[in-house]
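Student: 0 is the number of the first residue of the sequence shown in numbering that gives the first Met the number 0; add one for each residue after it.
Glycine residues also receive a C-beta, built at the ideal position from the N, C-alpha and C atoms.
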Amino acid sequence: MKHPEIVNKKLHKIINDGIEQLMFISDFDYTLSRYKDPNGNLASNTPQLIRHMVLDKHPELENMYNEMVKKFHAIEICPLMSNEEKIPYMVEWWTKSQQYTIKAGLSKLDIKEKVSLSNLNLSAGFGDVIKFLFENKMGNIPGNLHIVSNMMIFDAQDNCVNFSKPIIHSFNKNSSVINNDHTFIPDIEGRSNVFLLGDSLGDPHMDVGIKGENTALKIGFLNMNFETYLNKYLDLYDIVIVDDQTMEIPLKIFEYILSQQNN
């Protein structure tokens, strides 16, 4: 924590306003999912799972995929570029990835089978994979959990033929990509406090545009390049969790908030 007194003030505000005023906003990519597997290796994420499926059908794309990831990931995590400078590159990256996915003609069944057979720690990026993951692990998606992501559009044969618009990338994950008539808008109206979890330089801004927002407690997972990014993360997040593959700290904080509701 860079400013413990601010964190303490935010916690007391959230507690005093009550749990009914609180909403959770979380990234999935290496936030709710692990950055490393139990052996210490980099865990797979949703784009990687889709990429493997595409390459199974079109192995000739492997070199192109590798070059694309090498180029655009370096831009995504570059501490010297502003978010605004990165956005055109992120749009280009996602546009190309989606084009390859459409070309492969992946089906709902393909994805469901891959998810059910996989022990991967998945990440957001392709919302349908997250949806199928929740359904596979939990039976269904809780009514108060809403997925905002790049969703596939399937034809009558359940093959992917397009994607939802606009493209969602690391630096526009906020209310700008949500229509005012979205079905979950009534669920979050009136909730003025935010408990936010993220892992990237763009994630602290996921609450931008929330109507009536009062207080946002932002917790960031710093998973790599600790010396390079720590000060930057401390500027963006209220609490920074370094190289931790658990949710212990956020859960303890939320348990504390809950425990104070009856006091």
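(1) Determine the closest residue to Phe225 out of Asp243, Phe253 and Asp237, with distance taken between C-alpha atoms.
(2) Give the list of continuous alpha helix (DSSP H) stretches no shorter than 4 residues that lie fully inside the segment 121-173.
(3) Quick check: the Cα distance between Ile129 and His2, rounded to an integer number of angstroms?
(4) Does the segment 141-155 come within contact of the segment 73-80, defined as at least 3 CB pairs closer than 8 Å?
(5) So is Ile86 in contact with chain D if we call contact Cβ pairs under 7 Å?
(6) In or out: Gln98 buried (at least 16 other Cβ within 10 Å) or exposed?
(7) Are at least three pairs of beta-carbons, each pair with one atom in the segment 162-169 and one in the segment 131-144, less than 8 Å apart?
(8) Determine, using beta carbons only, whether Tyr34 and Arg50 come nearer to each other than 7 Å.
(9) How about the segment 215-234 and the segment 173-182: do they share at least three Cβ pairs that are nearer than 8 Å?
(10) Would you decide whether Ala155 is buried or exposed? Buried here means 16 or more other CB atoms lie within 10 Å of its CB.
(11) So, using beta-carbon positions, are Phe27 and Phe194 closer together than 7 Å?
(12) Quick one: Cα of Ala103 to Cα of Gln260, how far?
(13) Can you tell me whether Ile286 is buried or exposed, with buried defined as 16 or more other CB within 10 angstroms of its CB?
(14) Can you check whether the CB of Ile13 is closer than 7 Å to the CB of Ile187?
(15) Which residue from Lys210, Asn161 and Asn139 puts its Cα closest to that of Trp93?
(16) Let me check understanding here. Comparing Cα to Cα, which of Gly138, Leu200 and Lys251 lies closest to Tyr228?
(17) Determine the DSSP secondary structure at Ala73, reduced to helix, strand or coil.
(18) Between which two residues does the alpha helix (DSSP H) containing Phe225 stretch?
(19) With Met223 and Lys172 assumed to form a contact (beta carbons below 8 Å), what rounded beta-carbon distance in angstroms separates them?
(20) Measuring alpha carbon to alpha carbon, tell me which of Phe125, Glu66, Asp234 and Asn192 ends up nearest Leu105.
(21) Pick helix, strand or coil for Ser25, following the three-state DSSP scheme.
(22) Roughly how far, in whole angstroms, is the beta-carbon of Ser32 from the beta-carbon of Asn44, given that I think they are within contact range, below 8 Å?
(23) Using a threshold of 7 Å, state whether the C-beta atoms of Pro115 and Asn135 are closer than that.
Tutor: Per the coordinate set shown:
(1) Stepping through the sequence shown from its first residue, residue 225 is reached at position 226. If we check each option's Cα against that of Phe225, Asp243 comes out closest.
(2) 126-137
(3) One-based indexing of the sequence shown puts residue 129 at position 130. One-based indexing of the sequence shown puts residue 2 at position 3. Roughly 34 Å between the two C-alpha positions.
(4) no
(5) Within the model displayed, chain D is absent; a lone protein chain is all it includes.
(6) The residue you call residue 98 lines up with position 99 of the sequence shown. Exposed, because fewer than 16 other Cβ atoms sit within 10 Å of the Cβ of Gln98.
(7) no
(8) Reading the sequence shown from its first residue, position 35 is the one you call residue 34. Reading the sequence shown from its first residue, position 51 is the one you call residue 50. Cβ atoms of Tyr34 and Arg50: not closer than 7 Å.
(9) no
(10) Walking along the sequence shown from the start, residue 155 turns up at place 156. Classification of Ala155: exposed, given that the 10 Å Cβ count is below 16.
(11) Taking the sequence shown and counting its residues from 1, one reaches residue 27 at position 28. Taking the sequence shown and counting its residues from 1, one reaches residue 194 at position 195. The answer is no: Cβ separation not under 7 Å.
(12) As a first step, residue 103 is located in the sequence shown; it is residue number 104 there, counting from the start. As a first step, residue 260 is located in the sequence shown; it is residue number 261 there, counting from the start. When rounded, the distance between both Cα atoms is 51 Å.
(13) Since the first residue shown for the chain is 0 and the last is 262, residue 286 is missing from the structure and cannot be characterised.
(14) Translated into the one-based positions of the sequence shown, residue 187 becomes position 188. Translated into the one-based positions of the sequence shown, residue 13 becomes position 14. For Ile187 and Ile13, no; Cβs fall outside 7 Å.
(15) For the purposes of this step, residue 93 is taken as residue 94 along the sequence shown, with counting starting at 1. Of the listed residues, the one whose Cα sits closest to Trp93 is Asn161.
(16) Indexing the sequence shown from 1 puts residue 228 at position 229. Considering only alpha carbons, the answer is Leu200.
(17) Walking along the sequence shown from the start, residue 73 turns up at place 74. Residue state, collapsed to three classes: helix.
(18) Position 226 of the sequence shown, counting from 1, holds the residue named residue 225. Segment Phe225 to Leu235, the alpha helix (DSSP H) holding Phe225.
(19) As a working mapping, residue 223 is identified with position 224 in the sequence shown. As a working mapping, residue 172 is identified with position 173 in the sequence shown. 19 Å between Cβ atoms; not a contact.
(20) Taking the first residue of the sequence shown as 1, we reach residue 105 at position 106. Selected option, being the one with the closest Cα: Phe125.
(21) Position 26 of the sequence shown, counting from 1, holds the residue named residue 25. Ser25: strand per DSSP, three-state reduction.
(22) Here residue 32 corresponds to residue number 33 of the sequence shown, with the count starting at 1. Here residue 44 corresponds to residue number 45 of the sequence shown, with the count starting at 1. With a Cβ gap of about 7 Å, Ser32 and Asn44 count as contacting.
(23) Here residue 115 refers to the residue found at position 116 when the sequence shown is read from its first residue. Here residue 135 refers to the residue found at position 136 when the sequence shown is read from its first residue. The sequence shown places Ser at residue 115, rather than the Pro named in the question. Yes, the pair counts as a contact, with Cβ atoms nearer than the cut-off.
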